[in-house]
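Number 164 marks the last residue of the sequence shown (UniProt numbering); no jumps.
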Amino acid sequence: MLSGSSFDPRNGENSMKKRLIGTVAATAVLAPALMFSASGQAFAATKTVTWKNKGNGKCLVASGFWVGVGDCGPAAKWKETKQSDGTFVLKSADHGFCLDSKKDGTVRANVCNGGKNQKWREIKDSLGWRLQNKATGLTLGSKTSAGSPVYAGFDGGIKHQRWS
């Protein structure tokens with residue numbers, strides 16, 4: 001066999017042709033997987049938002065693990081990341097904890113863990129945006145005064161459970 005030749009005298013086939021066919025086949029198999037991976041990254045887009053309660057005009061704020069309503073300053077900024085299931089994770093831009101809800105209606109900011117309790121559906125209706133927890137199905141609401149903690153409860157279709 002000549003050095004550098006792609007002709008294989010043992011079987012009479014062109015080994016270069018085999019390599020080309022193998023490369024094309026591998027590309028055909030991997031291309032859809034790569035496209036799926038790339039499209040999955042589109043859901044990782046993060047934007048900074050401020051949620052203002054329609055009932056009292058105060059913003060959703062976090063201070064450590066406590067979450068309530070207050071002035072629309074730095075503590076009212078949330079980094080919102082859309083998930084592949086259409087829900088959103090809200091992470092406090094001020095301290096880095098995620099908005100979390102329990103089935104008893106308690107809402108806190110906790111260490112981000114990717115769980116369903118930290119995923120929120122954003123549902124638009126005639127009163128504003130309803131933030132519904134994926135794990136509990138409860139809607140984020142606020143009391144009437146600044147400095148009050150927020151809660152998650154059954155949706156009553158009221159302004160204190162709507163946000164803009």
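Every residue gets a Cβ at the ideal spot worked out from N, C-alpha and C, and that includes glycine.
Name the one or two DSSP bridge partners that residue i has.
i    : result
P149 : G68
L140 : A152
L131 : E122
Considering just the uninterrupted stretch of the beta strand (DSSP E) at residue i, what are its terminal residues?
i    : result
K47  : 46-49
S63  : 59-63
T81  : 78-82
D100 : 98-101
How should residue i be labelled, buried or exposed, when 16 other C-beta atoms within 10 angstroms of its C-beta is the threshold for buried?
i    : result
T144 : exposed
S101 : buried
S84  : exposed
W163 : buried
A152 : buried
V150 : buried
T139 : buried
H95  : exposed
G147 : exposed
V111 : exposed
Mapping DSSP to helix, strand and coil, what is residue i?
i    : result
Q161 : helix
K52  : strand
N117 : helix
A93  : coil
W109 : Checking the displayed sequence, the identity of residue 109 turns out to be Ala instead of Trp. Note: A109 maps to strand in three-state DSSP.
Pull up the CB-CB distance for residue i and residue j, whole angstroms please, since I reckon it's below 8 Å.
i   : j   : result
T46 : K77 : Contact doesn't hold; Cβ gap of about 12 Å is too wide.
For the ligand GDP, is there any heavy atom lying closer than 8 Å to the beta carbon of residue i?
i   : result
T48 : Inclusion of the ligand GDP in the displayed structure is not the case, the ligand content being empty and no account of it being possible.
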